[in-house]
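With mature numbering (1 follows the signal peptide of the UniProt record, and there is no 0) applied, the sequence shown corresponds to residues -21 to -1, 1 to 104, in that order.
The beta carbon of each residue, even a glycine, is placed where N, CA and C say it ideally should be.
To start, the structure under review is shown below, and the notes come after it.
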Amino acid sequence: MAQLSRITLIIAMNVLMCVLAEEKLYSDRYDYVDFQSVLQNKDLRQEYYNCFMEIAPCKTPEQEALTGLFSEAFQTKCRKCTKKQIENMEIITNWFVTNDPERWKLIVAKTVENMKKKAASNTNG
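Laid out in structure tokens, this is it:
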């Protein structure tokens, strides 16, 4: 009987850990965005790029969401990403590395800058 209680406790703890791990993922609110299409559309791709690089204001909530998550997701290798966000990060990364490596370098530099700002604000706040 004690053995059964231990097994039940272990299973319950594992389930709880899985549930808590799920809560730490980024919101899936904008997972529906088709980044393959965004990247193929020069004007739309430019809007997302300008938003992320803070060259121009973000025109949509989707652009703001990507801008808010991209740096951390990139730096942490998408540790808190949903499955779809991991796919989207791969699509975005592969497209820029292959098709626009100079802009990719600028995106990576901006990502590092964003993470430094975030780290500084966390230590000051």
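Length of the line joining the Cα atoms of MET68 and PHE53: Within the sequence shown, residue 68 is the residue found at index 89, counting from 1. Within the sequence shown, residue 53 is the residue found at index 74, counting from 1. Going by C-alpha positions, MET68 is about 8 Å away from PHE53.
Assigned secondary structure, SER50 (DSSP; H/G/I helix, E/B strand, else coil): In the sequence shown, residue 50 corresponds to position 71, counting from 1. Note: SER50 maps to helix in three-state DSSP.
As assigned by DSSP and simplified to three states, the class of LEU18: Within the sequence shown, numbered from 1, the residue matching residue 18 stands at position 39. Correct three-state label for LEU18: helix.
Per-residue burial, GLN42 [other beta carbons within 10 Å of its own, 16 or more giving buried]: Here residue 42 corresponds to residue number 63 of the sequence shown, with the count starting at 1. Burial call: buried.
Is the separation between the beta-carbon of LYS62 and that of LYS3 shorter than 8 Å? Position 83 of the sequence shown, counted from the first residue, corresponds to residue 62. Position 24 of the sequence shown, counted from the first residue, corresponds to residue 3. No, the pair does not count as a contact, with Cβ atoms beyond the cut-off.
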